[in-house]
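J.:
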């Protein structure tokens with residue numbers, strides 16, 4: 110899809126935020142003939158020498174009150190709040206402030222698929238990419254997952270499909286971002302520590318549709334009228350997933366097959382449910398959403414099925430780690446909000462001990478109570494949010510406290526020695542104890558590996 114690139118040739122650009130996205134944006138500005146000042150609160154960057162060699166000026170150690178006066182454009186990384194002081198000062202002086210995603214997308218000529226939601230973005234994004242690859246399409250997968258979009262621009266062609274995981278933080282700072290296919294998987298309260306209110310978070314998500322036209326597509330859950338309403342307001346054509354194919358068009362189940370129904374009622378089989386290798390009933394919805402996108406891209410059901418059969422899930426997303434004694438242990442460190450943690454618990458039929466806690470981001474921990482109670486479950490609370498977790502869930506299930514993740518795993522195994530599941534489903538951010546959710550998940554897996562080895566059992570994991 111042709112867009113008008115942001116012209117930075119011969120101009121000075123301030124990039125605020127020195128994470129992956131900020132670094133990629135800085136390199137892209139230089140490649141396009143611009144000059145960069147990179148601003149970050151960190152005292153130093155591992156990439157310092159590379160950046161200096163590119164001619165990038167560095168402003169490190171503190172967030173300034175304003176960007177450099179000569180800056181004609183400001184690009185902000187998603188990790189930097191949109192109301193940070195230098196961004197406010199730049200806007201007050203009439204300087205355009207955009208996000209890294211907005212900047213990078215302006216250089217793309219091929220179709221963009223934007224996938225957002227409170228849960229399942231990474232799984233669905235990865236699976237769509239694999240489906241297009243299985244069909245022989247040129248495809249690049251990135252955005253909020255893996256490689257920043259700015260790092261993919263040089264490899265893009267007009268035939269390249271860009272499958273872009275798109276977060277609320279990135280959508281806050283779009284202007285012309287125009288996906289040909291926009292997918293909103295689900296909605297539940299999250300990131301309230303950043304957005305302030307559920308309504309602000311919802312409005313950020315809804316921006317994924319705002320630049321679409323009637324020649325574009327919006328893929329939305331069949332049973333969420335509010336999300337569908339936002340899509341309709343955006344003007345794109347609608348495709349639903351999880352549809353009741355007996356009464357409406359969309360992608361849903363026809364017996365034991367994921368299928369697409371289109372007017373005037375023809376049902377086309379796409380993927381047999383038996384091909385799905387993912388843990389959890391909610392994962393079937395992610396597969397349906399991916400099938401809907403792939404179908405719009407002209408991918409055959411045969412290619413979709415090959416991709417689904419070879420996909421056992423992502424690291425840190427309901428990832429099976431090992432069995433110790435009679436207990437299975439799963440890593441769902443990506444479950445950083447209450448809704449995601451609830452879905453993780455509901456993926457199992459037997460007893461579940463959930464390790465919950467970290468940095469509170471909003472949401473009602475009590476929502477975890479009924480599904481845990483129904484499974485004869487329990488909770489081990491960790492991190493800063495442990496008191497909130499205990500207060501919300503003690504009326505439903507036994508709640509223990511653990512000072513460390515290692516202690517939590519040991520307690521979980523002690524509680525489930527007769528069988529069941531120990532599940533890391535924190536419903537919180539990780540920054541009180543770990544660098545990020547991946548660091549937390551890998552720490553969990555390392556602890557489990559040691560315990561499995563001590564028990565004489567080999568570690569088993571997928572992903």
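Numbering (my numbering), first residue to last: 110 to 572.
The beta carbon of each residue, even a glycine, is placed where N, CA and C say it ideally should be.
Check the C-beta distance from residue 396 over to residue 385 and give it rounded, since I have them as a contact under 8 Å.
T.: With a Cβ gap of about 6 Å, residue 396 and residue 385 count as contacting.
J.: Taking residue 123 as the reference, which of 129, 148 and 130 has the closest Cα?
T.: Comparing Cα-Cα distances from residue 123 to each of 129, 148 and 130, the minimum goes to 148.
J.: When you measure from the CB of residue 387 to every non-hydrogen atom of the ligand FMN, does any distance come out below 7 Å?
T.: This structure simply doesn't include the ligand FMN, nor any ligand for that matter.
J.: Can you give me the C-alpha to C-alpha distance between residue 139 and residue 145, rounded to a whole angstrom?
T.: Their backbone Cα atoms lie some 7 Å apart in a straight line.
J.: Quick check on the DSSP output: what are the complete beta strand (DSSP E) runs of length 3 or more inside the stretch 127-175, in order along the chain?
T.: DSSP runs (the beta strand (DSSP E)) wholly in the stretch 127-175: 144-149 and 166-169.
J.: Just curious, the alpha helix (DSSP H) that residue 559 is in, first and last residue?
T.: Start and end: 546-563.
J.: Determine the DSSP secondary structure at residue 453, reduced to helix, strand or coil.
T.: DSSP places residue 453 in helix when its eight states are reduced to three.
J.: May I have the straight-line CA-CA distance separating residue 115 from residue 142, to the nearest angstrom?
T.: Their backbone Cα atoms lie some 12 Å apart in a straight line.
J.: For the stretch 217-232 against the stretch 119-133, do three or more pairs of beta-carbon atoms, one drawn from each stretch, fall closer than 8 Å, so that the two count as touching?
T.: Segments in contact, no.
J.: Between which two residues does the alpha helix (DSSP H) containing residue 394 stretch?
T.: Counting along the chain, the alpha helix (DSSP H) containing residue 394 begins and ends at 391-405.
J.: From 334, 245 and 342, pick the residue whose C-alpha is nearest to that of residue 350; which is it?
T.: Per the Cα distances, 334.
J.: By the three-class DSSP mapping on this structure, what secondary structure does residue 526 have?
T.: Three-state DSSP puts residue 526 in coil, outside helix and strand.
J.: Run the CB neighbour count on residue 161, radius 10 Å, all protein chains shown included, and call it buried at 16 or more, exposed below.
T.: Label assigned to residue 161: exposed.
J.: Based on DSSP bridge pairs, tell me the residues matched to residue 380.
T.: In DSSP, residue 380 forms a bridge with 367.
J.: Rounded to the nearest angstrom, how far is the Cβ of residue 365 from that of residue 381, given a contact under 8 Å?
T.: Confirmed, Cβ separation roughly 6 Å.
J.: Hey, how far is the Cα of residue 445 from the Cα of residue 272?
T.: Each residue's alpha carbon lies about 23 Å from the other.
J.: Cα separation between residue 242 and residue 248?
T.: If I take the Cα positions, the gap works out to 7 Å.
J.: If you follow the beta strand (DSSP E) that residue 310 is part of, which residue opens it and which one closes it?
T.: Residue 310 -> not in any beta strand (DSSP E); alpha helix (DSSP H) instead, spanning 307-315.
J.: Which partner residues does residue 436 have in the DSSP bridge list?
T.: For residue 436, which the question treats as bridged, DSSP gives the partners 433 and 529.
J.: Over what stretch of residues does the alpha helix (DSSP H) that includes residue 231 continue unbroken?
T.: First-last of the alpha helix (DSSP H) with residue 231: 230-243.
J.: Can you tell me the Cα-Cα spacing of residue 180 and residue 204, whole angstroms?
T.: So the two alpha carbons sit approximately 8 Å from each other.
J.: What's the call for residue 270, buried or exposed, on a 16-neighbour Cβ count within 10 Å?
T.: Buried.
J.: Report the residue from 184, 502 and 494 whose alpha carbon sits nearest the alpha carbon of residue 199.
T.: It is 184.
J.: By how many angstroms is the C-alpha of residue 450 removed from the C-alpha of residue 540?
T.: Taking the straight line from one Cα to the other gives about 17 Å.
J.: Express the C-alpha separation of residue 457 and residue 278 in angstroms, rounding to a whole number.
T.: Distance between the alpha carbons of residue 278 and residue 457 is about 31 Å.
J.: Does the pairing of the stretch 423-432 with the stretch 501-511 give three or more beta-carbon distances under 8 Å?
T.: The answer is no - the stretch 501-511 does not touch the stretch 423-432, with fewer than three Cβ pairs under 8 Å.
J.: Between which two residues does the alpha helix (DSSP H) harbouring residue 277 extend?
T.: Counting along the chain, the alpha helix (DSSP H) containing residue 277 begins and ends at 277-280.
J.: Excluding five sequence neighbours on each side, which residues of the same chain lie with their C-beta closer than 8 Å to the C-beta of residue 236?
T.: The answer, listed in chain order, is 395, 396, 399, 416, 417 and 420.
J.: By how many angstroms is the C-alpha of residue 172 removed from the C-alpha of residue 370?
T.: Roughly 53 Å separates the two Cα atoms.
J.: For residue 355, count neighbouring C-beta atoms within 10 Å of its own C-beta (all shown protein chains included) and say buried if the count is 16 or more, exposed if not.
T.: It counts as exposed.
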